[in-house]
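What follows is a short report on a single structure.
Number of protein chains: 4
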Amino acid sequence: MTGERRRCAVLGAGGYIGQHFVRLLADHPWFDPVELVSGERTEGRRLEEVWLLAEPVPPALARVRLRGRTAASLAASGVELAFSALPAGVAGPRETALARRGIAVFSNAADHRREPSVPLLVPEVNAAHLALAARRPRGTAPIITNPNCSATGLALALAPIAPLLRPKTIAVSTYQALSGAGYPGVASLAITDNVVPYIPREEDKLAQETAHILGTLAGGRVRPHPARILAQCVRVGVREGHLESVTVEASRRSGGPEVTAAWRRFDPLGDLGLPTAPRPPIEVRTGEDRPQPLHDRWAGAPARARGMAAVVGRVRWDPPFLRFFVLSHNAVRGGAGGSVLNAELAVAKGLLDRPRGDR
Amino acid sequence: MTGERRRCAVLGAGGYIGQHFVRLLADHPWFDPVELVSGERTEGRRLEEVWLLAEPVPPALARVRLRGRTAASLAASGVELAFSALPAGVAGPRETALARRGIAVFSNAADHRREPSVPLLVPEVNAAHLALAARRPRGTAPIITNPNCSATGLALALAPIAPLLRPKTIAVSTYQALSGAGYPGVASLAITDNVVPYIPREEDKLAQETAHILGTLAGGRVRPHPARILAQCVRVGVREGHLESVTVEASRRSGGPEVTAAWRRFDPLGDLGLPTAPRPPIEVRTGEDRPQPLHDRWAGAPARARGMAAVVGRVRWDPPFLRFFVLSHNAVRGGAGGSVLNAELAVAKGLLDRPRGDR
Amino acid sequence: MTGERRRCAVLGAGGYIGQHFVRLLADHPWFDPVELVSGERTEGRRLEEVWLLAEPVPPALARVRLRGRTAASLAASGVELAFSALPAGVAGPRETALARRGIAVFSNAADHRREPSVPLLVPEVNAAHLALAARRPRGTAPIITNPNCSATGLALALAPIAPLLRPKTIAVSTYQALSGAGYPGVASLAITDNVVPYIPREEDKLAQETAHILGTLAGGRVRPHPARILAQCVRVGVREGHLESVTVEASRRSGGPEVTAAWRRFDPLGDLGLPTAPRPPIEVRTGEDRPQPLHDRWAGAPARARGMAAVVGRVRWDPPFLRFFVLSHNAVRGGAGGSVLNAELAVAKGLLDRPRGDR
Amino acid sequence: MTGERRRCAVLGAGGYIGQHFVRLLADHPWFDPVELVSGERTEGRRLEEVWLLAEPVPPALARVRLRGRTAASLAASGVELAFSALPAGVAGPRETALARRGIAVFSNAADHRREPSVPLLVPEVNAAHLALAARRPRGTAPIITNPNCSATGLALALAPIAPLLRPKTIAVSTYQALSGAGYPGVASLAITDNVVPYIPREEDKLAQETAHILGTLAGGRVRPHPARILAQCVRVGVREGHLESVTVEASRRSGGPEVTAAWRRFDPLGDLGLPTAPRPPIEVRTGEDRPQPLHDRWAGAPARARGMAAVVGRVRWDPPFLRFFVLSHNAVRGGAGGSVLNAELAVAKGLLDRPRGDR
C-alpha cells in the first residue's frame, strides 16, 4: 500500500450506518473520505446539521456538505473505493454501477450478498472467501459485503469453537439494538416499555449468512456449514449493541472445556497490520452478568478498533450442550466497521492494486 | 363453598407482588383481604401512600393501614388463608408458622417450593399435584406455591403440546420484565439503554420447576418431565410481562402441525367455575410480530382474569424443531394471580373445607 | 337528545389519536362510530391489524375494516358527526368539505382553530365560546376544535385560579409524551436516553391557545387573557401524559392560599350529564411526588371519563408566585376525549338539533 | 506547582460520582489517586469488579482494591488531597477529620457547603470565594465544595449575562438525569415510562446555591445575588446530563440581544492553565433542538475537559424576558469534575502550598 490515503466515498452518509462509516474513516490512515454522498433528505446539508450519533461529529468533516453524486462523477473525481450504507433495494443497482466504473464497493447492504462473485466477509473467519471476487465480471471492480449485524457476532463467536464442538444445532435468540433498524427506524411508541419479537427477514439472514461465513470454499463455491441454525430475533430498547443468547448442541461430548481457551487464542489476522482489526477479536468476560450492551459494546483494542471486538460471557458446558452469550456492536462490528475492515483486508491482500485498465 | 367471603391476609402488601394480590382480591367473590401485612418499611402507612402499581389503588382499601402481624394474631382474627408475597428467606419460617396455626398459605415465594408436601401448582397443568398437600404434617394447613414467573408461562405453553412432540430438548431464552425483581429491584442506571443477561438462580428455577410441573405424580412423588431444558435468562427494560423465546427439539417428526390447534383446544379447568381462571388459558396470536409485552400482557378473559392468559405466537415447525414465543404477565399469571387461582382450585377441590380441629 | 345513538365517523382511524377516538366511542351512549375512515397506509385493513394502543382494541370493532371515504359518501350514509384526527394540512379541506355536507366536525387538528367561527373549546373553561359557531357560513354544520394537548391541561389548571391570582406572567415548561407526536412520530433513537427541548410550533400554540381559551367573548370575538405566557416545550420518553411545570406571577399577593380549594370546588359542567365529563375535572394530589404520568394520566371518574381529569400537585405559594405541576392525558383529555366532550356539550346545548335543511 | 503528582485519595470510590473522580484522576497531570477508599459494600473488591460507568474502567487502576481507610492512615501514607463523593451525612464528620489531619478536601457532598469558611465554588464564576478558606480553623487544611449538580449549570449560564440583564426573577424547571441520585438511586420501576416531579431538597439547593455562587464577597461573607429563583425539579429517564429550562425576567429591557455574545466571550480562567478547565466554558448551540443530553453532555475541550462545558441553546429574548435551555453533565461538571477543577484552582492559587506544619 502507498503512503497516500486512497480517495473514497461514503454512500448513505445521511444515515446511521453511513455516519459510523464517516466516523471511522475521518482519520483513517489508508482511506480518505473525500465524498459524502446522500439521498434527497439530507442532500446539500452540512454533516453537523444531520448528525445522528451520540459520538461527536468528526471536526474535520463537520462542515462538509452531503451531496448527490453519480457513479460517473465519483469515478471522474478519482474515487477508488465506495463504502455503502445504502438501503436495501437502492443499494443493488447503485453498487453495480460503481463497480462497473472501477470503484471497489464495500457494502453493508444485503442486495449483493448472495451473489457468487461477491464475498460475504468477516475477515477473522473467512478471509479465504475473498477469492470469490476473482469471479466478478471482467473490467469491473469488486463488490465485497459485510454480513447482517447479528450474523457477524455469531459467526465470530462460533468460528474458533466450531472445530472443537462440530455443532449439530445452534439455537440463537437475539436482543437487537434500535440502531439495527437505521434512522428513524423503530418508532419510540413501538418500543418504550416493550420488546418486539419480530424483525423482518432477520432470522433467515442470521441463519443463512452465519452458515455461509462458516462454510468452506471449494471449487469456487461456498459450501455452508452443515449445522442447523434456529434463530428467533427480537428488538429491544437499547441504542447500540446486539446481544445473542446461544445454545449449541455439539456432536462431540468433548471440546466444551476448551472453548474459552480457543476464544482467547483466536487471532487469525495477527500479523496483517490492519488498522481497524481488534486484537483480540474476541474478548471473554468472566463477570457473572456480562456481556452487557452498555458496558461491552465498545470493546476492542487498539483505539481505532473500538466496537470491533465480539464479547462472550456466561459460558456453560453441559455435554453435549454449550450455552453462552455474545455481544457485538451492530453498527460498528456488524456494520460500518465490518466493511472498513473488509476494505483493509482487500488492500492488504492486494486486491485493489491491479492496474485500473484491468478492472 | 359458602356465600361468605373467606377472611384472608396478604403478606408483603407493601411490595410489588403483594399489591397485585391486593388488587386481585379487593373485590374477589370468595376471598376478603381483611389484613394487609407488611414489613417495617411500610408498616403503619396507608395503602394509597405506598402504592407502587400503575393500576389504580382499589378504592375500598386505599386508606387501610398496613400492619405488622404475627401468625397468632392473624389466626385469632379469623383469617383462614394467607397470600404470601414475602421475600425469599423471610417467607419460609413465616409461612410455616401460619400453616401450623391452621392458616392455609398460598405463596409466591420459592422457600417451600421443593418440599414433598408442598404442591407447586399451575392449575391448568398439574392440578393433580394438589394431592401432595395430603402429606403435610398432621394438624397443619396446607402450603401451596405458584412457580417462578418465567416457569409459569413456559409450563402453560408446553402442557398441551408436550404429548404431541415429546420434547427431547427445550432451549429457552427470556426477556424478563423489571417487576420480576420486585421493588425497588433493578436500578434504573443498570437497565436504561441496556439489557442484563443474568438473573440470580433464575435459569435453574426455570428449568427445574418447569420439568416438575410437567412431571407425573406417582407414588406420592413427582417424577419430572425428562426433557432437557436449557435456559438463558435476561432482564430487559419492560415494566411487566415476561417474553420467552422457545426452541423445542421434538422426538417425533409429526405433531408439529397440530400444536396451534392443541393450544386453542386447551381448557382443562373449563367446568370448575374458578373466578380468576382465564378462558382460554392460552391465546394464540397470528400477527407476525406478536406476542409483545405492551400489547399482550393483560390477555385473559373474563375481566377478572386479565393478565392470566399465556399468549403464544410466531409458531414455526421445522421438523423436528418447533419455535415459538410465549408471553405471560409475570406479576399476575406468574405471581399473585397464580396463587389466587391456586387458592380457588383448593376451595373448589374442598381442600380448605375440613373441620378446623383436624388441621 | 334522542334514545338513538347518532351515526358518526372517525377520520384518521389508523392513527394514534384516531384510535383513542374509536376506543372512547365504541360503546358511547350518544354516538355510534359507524365509519372508520383512514388514509392509504391502513385502508382496507381490519382495526385489530393496525391497532397501536396499549389498551385493547374494542371487541365489537376489532374486525371492522378501515376505509377511504369522501364527505359525500359519509353524508349519504347518514353520518351526522365526524371526529377528526387528521394530520395538520390534510384536516383543513377535508373538514370544510364535511361541514358543507352538513356533518358536524369535532376536530383535534389545528387547521381551523384560529378561525372566527370555529370554537376552540375546553367545555369546563369556555363553554360560552360555543356561540362562535353561529357565525359559520349558512347551510354548513359547525366545526368545533379541541386545543393543543399541552394547552388543554394548562387552561384547565388556570381557569379556577386565574380570578384569584390575576396572573401577570406564566412561565411553563413541559414534559410531553411521545404520543403527542402521533405514530410513528418520535424515532426511538432520538429519545432513548435523551430528552428533546424542541417541539415544532408547540410553544406558540401553548401560549396563544391557552390565552384564547381563558379569554372572554365579547361582540362575537374572543379577547385573549392578558397574561404573558412563556412556554418551553420538551419531549420526554413517556408513552402518554403531558406534565407541565408552571410558575405564575400573580398581580395580587392574596389569593394563593385559596387555589387548592378553588381547584377542588371547580365543577362547572356539574349538572349537564355529559357522559365523558370527569367529576371533578381537576384532581389535587397531596403526595409530595405527584402528579406523575405513570400514576395519574388515567385520572378521571366515572369510568367513561378515565384520562379526562387534569391532576395538579406540588402547589407552593411564595407571594406573588405560585408554583405547581399539572398533568393531563395528552391523547385523551388533550386529544380524542377533548373532542368527544365537545361533541357531548354541543348535543347538550342543542347545537346539533337544528333541522337538516337549515344547515 | 511541582513536577510530581500530588498524592490523593478518592472517598466513595465504589459509587457513581466516586468513579467519575477515579476516571478523571487516573491520568491527571497534577494528582495521583493512590487510595481508592470505599464503604463496606465494595471494600476489598477490585475497581473493575464494582465499576458502574458506561465509560471503561481506567486500565491502570482496574485491579486496584478499594479499601476502608481512616483519616489518620491516609495522612500517614502521605495523601495531600482527598476528593470526596461520600453520601450526605457521612461526608460531614469524615471530611472534617481529614481537614484536621492536614488533608485538603474537595467535596461533592452538601454537608459543609453552607459553612462560612468553606468555599462553594464554580471556578469560572466565583473564584474569588476561595478566599473564604482563609477563615478555616488554624492548623487545618481547607475544605472546598462544588455545588449541587443543577446549580452548577445554572450558575455558569447566568454568570456572564447577569450583569447585562440584572435578573429580577428566574424560573427554572429541570430535567435531571438518573445518575444525579447515585447508584442504585432511582428504581427502574419508578421511572420507566414516567418522569417524577420531585427530588428531595433539590429545589432549595438549586435556588440558594445559585444565588450564593453568583453573590458577592464582602467583609469575608457572601451576599447572595438578589434575584428571586423559583425552581421546580424533575427526574427523567436519562442516564447523564441535566437539562434546565430557564425563564429570566430582566430588570432592564436592553441586554437581551447581547447574551449570546456574552456567553461566547466568557473565558475567565483563560490564562491559568488548569488541565480540566473547558475552553470555552459555555458552548452556544444554534441548532433548533439543542442542547440535548445525548448529544451535548460530553461537551468541553480539550479532551481532558470533556463533560465540563455547559451548553446553552434555544435562546429567545422577549423583553424583558429571556428564555433558554442549559445542559451540563451532572456527574462531571456538576460533580466529580467540578471538584477536580476546584482542586486545580486551589493549586494554581497556591492554596495548597503552605508548609505542612502551618496547616
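Chains as they are written, first to last, in our numbering: chain A, 54 to 412; chain B, 54 to 412; chain C, 54 to 412; chain D, 54 to 412. Every residue, glycine too, gets a C-beta built ideally from N, C-alpha and C.
Contact list for P346 (chain C) against chain A, beta-carbon separation under 9 Å: Counted from its first residue, the third sequence places residue 346 (chain C) at position 293. Result: empty, since nearest Cβ-Cβ is about 12 Å, beyond 9 Å.
Nearest-angstrom Cβ-Cβ length linking S170 (chain C) and A186 (chain C), presumed shorter than 8 Å: In the third sequence, the residue the question calls residue 170 (chain C) occupies position 117. In the third sequence, the residue the question calls residue 186 (chain C) occupies position 133. That pair is a contact at about 6 Å.
Assuming S91 (chain C) and G131 (chain C) form a contact by the criterion Cβ under 8 Å, report the distance between their Cβ atoms to the nearest whole angstrom. In the third sequence, residue 91 (chain C) corresponds to position 38, counting from 1. In the third sequence, residue 131 (chain C) corresponds to position 78, counting from 1. In fact, because the Cβ distance is near 20 Å, the residues do not count as touching under 8 Å.
Using a Cβ cut-off of 9 Å (strictly closer), state whether N247 (chain D) contacts chain F. In the displayed structure, chain F is absent; the protein chains listed are A, B, C and D.
Top-ranked residue by Cα proximity to A138 (chain B), from B:C202, B:D80 and B:S126: In the second sequence, counting from the first residue as 1, residue 138 (chain B) sits at position 85. For A138 (chain B), the nearest C-alpha among the options comes from B:C202.
Straight-line Cα distance separating A224 (chain A) from R116 (chain A): Taking the first residue of the first sequence as position 1, residue 116 (chain A) is located at position 63. Taking the first residue of the first sequence as position 1, residue 224 (chain A) is located at position 171. For R116 (chain A) and A224 (chain A), the distance between alpha carbons rounds to 46 Å.
My understanding is that L380 (chain B) touches L296 (chain B), with C-beta atoms under 8 Å, so please give their C-beta distance in whole angstroms. Against the second sequence, residue 380 (chain B) aligns to sequence position 327. Against the second sequence, residue 296 (chain B) aligns to sequence position 243. Confirmed, Cβ separation roughly 5 Å.
For F74 (chain B), report the span of its alpha helix (DSSP H) as first-last. Here residue 74 (chain B) refers to the residue found at position 21 when the second sequence is read from its first residue. Y69 to L78 is the span of the alpha helix (DSSP H), which, as asked, contains F74 (chain B).
Any C-beta of chain C within less than 7 Å: which residues of the segment 227-261 of chain A qualify? From the segment 227-261 of chain A, only L231, S232, Y236, P237, G238, V239, A240, S241, L242, I244, T245 and D246 have a Cβ closer than 7 Å to chain C.
Note down, in chain order, each residue of its chain lying with its Cβ closer than 6 Å to the Cβ of A163 (chain D), except the 5 sequence neighbours on either side. Here residue 163 (chain D) corresponds to residue number 110 of the fourth sequence, with the count starting at 1. Closer than 6 Å at Cβ, skipping near neighbours: A141.
For R325 (chain A), does the count of other Cβ atoms within 10 angstroms reach 16, so buried, or fall short, so exposed? The residue given as residue 325 (chain A) occupies position 272 in the first sequence. For the sequence presented, residue 325 (chain A) should be read as Leu rather than Arg. Around the Cβ of L325 (chain A), a 10 Å sphere holds fewer than 16 other Cβ atoms; the residue is exposed.
Report the rounded CA-to-CA distance for R118 (chain D) versus D342 (chain D), giving the unit in angstroms. As a position in the fourth sequence, residue 118 (chain D) is number 65, starting the count at 1. As a position in the fourth sequence, residue 342 (chain D) is number 289, starting the count at 1. Answer to the nearest angstrom: the Cα atoms are 44 Å apart.
Just confirm the distance between the C-beta atoms of L173 (chain C) and H265 (chain C), as a whole number of angstroms; I'd bet it's less than 8 Å. Walking along the third sequence from the start, residue 173 (chain C) turns up at place 120. Walking along the third sequence from the start, residue 265 (chain C) turns up at place 212. Contact flag correct, Cβ pair sits at about 6 Å.
When the Cα atoms are used, what is the spatial distance from A363 (chain B) to R386 (chain B)? Indexing the second sequence from 1 puts residue 363 (chain B) at position 310. Indexing the second sequence from 1 puts residue 386 (chain B) at position 333. Cα to Cα, the separation comes out at about 8 Å.
From A:A208, A:N161, A:G155 and A:F159, pick the residue whose C-alpha is nearest to that of R191 (chain A); which is it? Against the first sequence, residue 191 (chain A) aligns to sequence position 138. Relative to R191 (chain A), the option among A:A208, A:N161, A:G155 and A:F159 whose CA is nearest is A:G155.
Going along the chain, which residues of its own chain have a beta-carbon closer than 6 Å to the beta-carbon of L78 (chain D), five neighbours each way excluded? Residue 78 (chain D) sits at position 25 when you count from the first residue of the fourth sequence. Closer than 6 Å at the Cβ level, and outside the excluded window around L78 (chain D), lie F84 and P86.
Pull up the CB-CB distance for V312 (chain B) and L217 (chain B), whole angstroms please, since I reckon it's below 8 Å. Position 259 of the second sequence, counting from 1, holds the residue named residue 312 (chain B). Position 164 of the second sequence, counting from 1, holds the residue named residue 217 (chain B). The Cβ separation is near 6 Å, so the contact holds.
Mind checking if P109 (chain B) is an interface residue toward chain C, Cβ cutoff 9 Å exclusive? Residue mapping note: residue 109 (chain B) aligns to position 56 of the second sequence, counting from 1. Yes, P109 (chain B) counts as interfacial toward chain C.
Is G403 (chain C) helix, strand or coil by DSSP? As a first step, residue 403 (chain C) must be located in the third sequence, where it is residue number 350. Coil, per DSSP.
Out of D:Q229, D:R94 and D:S307, which one is the CA nearest neighbour of R288 (chain D)? Taking the fourth sequence and counting its residues from 1, the one referred to as residue 288 (chain D) is at position 235. For R288 (chain D), the nearest C-alpha among the options comes from D:Q229.
Counting contacts by CB-CB distance shorter than 9 Å, is G360 (chain D) in contact with chain B? Along the fourth sequence, read from residue 1 onward, the residue named residue 360 (chain D) stands at position 307. No - not a single Cβ of chain B is within 9 Å of the one on G360 (chain D).
When you compare only the Cα positions, how much space is there between H382 (chain A) and I244 (chain B)? Along the first sequence, one-based indexing puts residue 382 (chain A) at 329. Along the second sequence, one-based indexing puts residue 244 (chain B) at 191. The alpha-carbon atoms of H382 (chain A) and I244 (chain B) are separated by roughly 17 Å.
If I follow the unbroken beta strand (DSSP E) through H295 (chain C), where does it start and stop? Indexing the third sequence from 1 puts residue 295 (chain C) at position 242. Counting along the chain, the beta strand (DSSP E) containing H295 (chain C) begins and ends at H295 to A303.
C-alpha distance - G71 (chain C) paired with L106 (chain A), whole-angstrom precision: Stepping through the third sequence from its first residue, residue 71 (chain C) is reached at position 18. Stepping through the first sequence from its first residue, residue 106 (chain A) is reached at position 53. Between the alpha carbons of G71 (chain C) and L106 (chain A) lies a gap of roughly 33 Å.
Check R153 (chain B) in the structure and name its three-state DSSP category. Indexing the second sequence from 1 puts residue 153 (chain B) at position 100. Here R153 (chain B) sits in helix by DSSP.
Drop a sphere of 10 angstroms on the beta-carbon of T205 (chain D), count the other beta-carbons inside from all chains shown, and report buried for 16 or more, exposed for fewer. In the fourth sequence, the residue the question calls residue 205 (chain D) occupies position 152. Classification of T205 (chain D): buried, given that the 10 Å Cβ count is 16 or more.
Are L405 (chain B) and L183 (chain B) touching if we call contact CB-CB under 9 Å? Here residue 405 (chain B) corresponds to residue number 352 of the second sequence, with the count starting at 1. Here residue 183 (chain B) corresponds to residue number 130 of the second sequence, with the count starting at 1. Not closer than 9 Å, so no.
Would you tell me roughly how many angstroms separate the C-alpha atoms of E88 (chain D) and L283 (chain B), rounded to the nearest one? Within the fourth sequence, the letter at position 35 stands for residue 88 (chain D). Within the second sequence, the letter at position 230 stands for residue 283 (chain B). Roughly 44 Å separates the two Cα atoms.
Just to make sure I have the definition right: I need the residues of chain B whose C-beta is within less than 8 Å of the C-beta of R292 (chain D). Which are they? For the purposes of this step, residue 292 (chain D) is taken as the residue at position 239 of the fourth sequence. Result: L242, T245 and D246.
Using three-state DSSP, classify D411 (chain D) as helix, strand or coil. Reading the fourth sequence from its first residue, position 358 is the one you call residue 411 (chain D). Low confidence applies here, because D411 (chain D) scores a pLDDT of 44, under 50, leaving its location unreliable; read the following figure in that light. Three-state DSSP puts D411 (chain D) in a helix.
Taking CB distances under 9 Å as the criterion, tell me whether G416 (chain D) reaches chain A. For chain D, the structure presents residues 54 to 412; residue 416 (chain D) sits outside this window and is missing.
Per-residue contacts from R105 (chain B) into chain D (C-beta, under 8 Å): For the purposes of this step, residue 105 (chain B) is identified with residue 52 of the second sequence, where counting begins at 1. Per the sequence presented here, residue 105 (chain B) reads as Leu, with Arg not at that position. Residues of chain D passing the Cβ test: L242.
Are the beta-carbon atoms of P195 (chain D) and A157 (chain D) separated by less than 9 Å? Translated into positions along the fourth sequence, residue 195 (chain D) becomes position 142. Translated into positions along the fourth sequence, residue 157 (chain D) becomes position 104. Yes, Cβ-Cβ distance for P195 (chain D) and A157 (chain D) is below 9 Å.
Are the segment 292-308 of chain A and the segment 338-353 of chain A touching by the rule of at least three beta carbon pairs closer than 8 Å? yes
Hey, does W370 (chain D) have any beta-carbon neighbour from chain A nearer than 9 Å? Position 317 of the fourth sequence holds residue 370 (chain D). With 9 Å as the cut-off, W370 (chain D) does not count as an interface residue toward chain A.
Beta-carbon within less than 7 Å of K402 (chain D)'s beta-carbon, same chain only, minus the 5 sequence neighbours each way: which residues are those? In the fourth sequence, residue 402 (chain D) corresponds to position 349, counting from 1. Only L183 meet the Cβ criterion.
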